[in-house]
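Data block below; observations after.
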Amino acid sequence: MKRTILGLLAITSLAWLGGCSSVGQVNAWEKGNLAKPGMTFESDPLDQRFTQHIYTSKENSSGGYGVGGGGCGCN
Amino acid sequence: MKHLYRKTLPLLLSACLCGSAFATEVGQMAPDFDLPGRANAVKLSDYKGKTVYLDFWASWCGPCKQSFPWMNDMQSRYGAKGLRVVGINLDQKSDDARDFLKETTASFDVAFDQSGKTPKSFAIKGMPTSVLIGPDGRVISMHSGFKPEHKTELEQQIKQALHLKD
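This is the structure in structure tokens:
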């Protein structure tokens, strides 16, 4: 009985989570504010690029900083 | 009970994973739009019979800016052959777009869509996105992003759509 309830709870929460897939999605054309220079962590674009280059090679992942490479498809 | 799980779980999981999945695909009719332009309204159905290079852009998008000289070039080179470059601006503030157009020449038709209805109907995923539409109104190809090394391939597609030989 306990397992059934737990299972049902897991399924319900999964279904709830699934609802998030259609809520709060930022479309590519809505990233105008995210593209502003003030939204980056560093002020110097060249320096940021340099840091990101090292980070990418060390961590084997890229993107998430500003718009370029952040999934906007413009990089 | 176990049987019930086995049957419903995959179904539930797939229902969770797929959000709204619809997109304009190659070969399909391009969804029509009617948007305000710089002077007159810009309507896709008005371009019937022409090959349209539709480009979604915004003032804040760097690669979009890079693509403008190339699009001007395409319009002037293939305009007489039946190509019409149409740029749809997606800035949420129209002033941003107007400021951008003051310093960047666009010698092609420009339309403004602040609501984002058109990119939604085309289901675009990146900025800029270009859609090549044939004279019959069907989508020939879609391209996301703009890099200088894409130019030759994109031009090739335009040439092919216009039935031009190299």
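If you're matching them up, the sequences are chains G and U in order.
Going from the first sequence to the working numbering is simple: count from 1 and add 136.
Going from the second sequence to the working numbering is simple: count from 1 and add 18.
Using N, Cα and C, we set each Cβ at its ideal position, and we do this for glycine too.
**Message:** I'd like the span of the beta strand (DSSP E) that includes LYS61 of chain U, first residue to last.
**Reply:** 59 to 61
**Item:** Beta-carbon separation (whole angstroms), THR136 of chain U vs LEU53 of chain U, contact threshold 8 Å
**Value:** Correct: roughly 7 Å between the Cβ atoms.
**Message:** Spatial neighbours of SER38 of chain U within its chain, please: C-beta separation below 8 Å, excluding the five flanking residues on both sides.
**Reply:** Only weak support is given to the placement of SER38 of chain U: the predicted model assigns it a pLDDT of 42, under 50, and the value that follows is read from those uncertain coordinates. Hits under 8 Å: none found.
**Given LYS99 of chain U as reference, the closest of U:ASP64, U:LYS68, U:ARG156 once Cα atoms are compared** = Cα-wise, what sits closest to LYS99 of chain U is U:LYS68.
**Prompt:** Per DSSP, PHE18 of chain U forms a beta bridge with which residues?
**Reply:** Residue 18 of chain U lies beyond the range of chain U shown here (19 to 184); nothing can be said about it.
**Item:** GLY143 of chain G versus GLN161 of chain G: straight-line alpha-carbon distance, rounded
**Value:** 29 Å
**Prompt:** Whose Cβ in chain G lies nearer than 7 Å to the Cβ of ALA76 of chain U?
**Reply:** Proximity of chain G to ALA76 of chain U at the Cβ level (cut-off 7 Å) is accounted for by TRP165, GLY168, in chain order.
**Message:** Would VAL149 of chain U and MET47 of chain U qualify as a contact pair, given that the criterion is a beta-carbon distance under 9 Å?
**Reply:** no
**Asked** Is it the case that the Cβ atoms of LEU108 of chain U and ASP127 of chain U are separated by a distance below 9 Å?
**Response** Not a contact, by the Cβ cut-off of 9 Å.
**Request:** Return no unless some Cβ of chain U is closer than 9 Å to the Cβ of LYS138 of chain G.
**Result:** no
**Item:** Nonlocal neighbours in the same chain, by C-beta distance under 8 Å from GLY190 of chain U, ignoring five residues either side
**Value:** There is no way to answer for residue 190 of chain U, as the model of chain U reaches only from 19 to 184.
**Asked** Comparing the C-beta of LEU108 of chain U with each C-beta of chain G, is any distance below 9 Å?
**Response** Answer yes: the Cβ-Cβ gap between LEU108 of chain U and chain G drops below 9 Å somewhere.
**Message:** Given a cut-off of 9 Å on the beta-carbon distance, is the pair CYS82 of chain U and MET160 of chain U in contact?
**Reply:** no
**Request:** State the start and end residues of the unbroken alpha helix (DSSP H) segment that holds ILE190 of chain G.
**Result:** It spans 181 to 195 - the alpha helix (DSSP H) in which ILE190 of chain G sits, taken as one unbroken run.
**Prompt:** According to the neighbour-count rule (16 or more other Cβ atoms, all chains shown, within 10 Å of its Cβ), is MET89 of chain U buried or exposed?
**Reply:** buried
**Prompt:** Which of helix, strand or coil does DSSP assign to ASP50 of chain U?
**Reply:** Of the three classes helix, strand and coil, the one that applies to ASP50 of chain U here is coil, per DSSP.
**Prompt:** Taking 9 Å as the CB-CB cut-off, is LYS172 of chain G touching chain U?
**Reply:** Using beta-carbon distances, LYS172 of chain G counts as an interface residue toward chain U, with a partner under 9 Å.
**Request:** Anything in chain G within Cβ reach of GLY97 of chain U, meaning under 7 Å, just list it in chain order.
**Result:** Here the premise fails: no neighbours, minimum Cβ distance about 26 Å.
**CA-to-CA distance, TRP152 of chain G to GLN186 of chain U, given in whole angstroms** = In the structure as shown, chain U starts at 19 and stops at 184, and residue 186 of chain U therefore has no counterpart that could be examined.
**Request:** Measure from the C-beta of MET89 of chain U to each C-beta in chain G and report whether the shortest distance is under 9 Å.
**Result:** no
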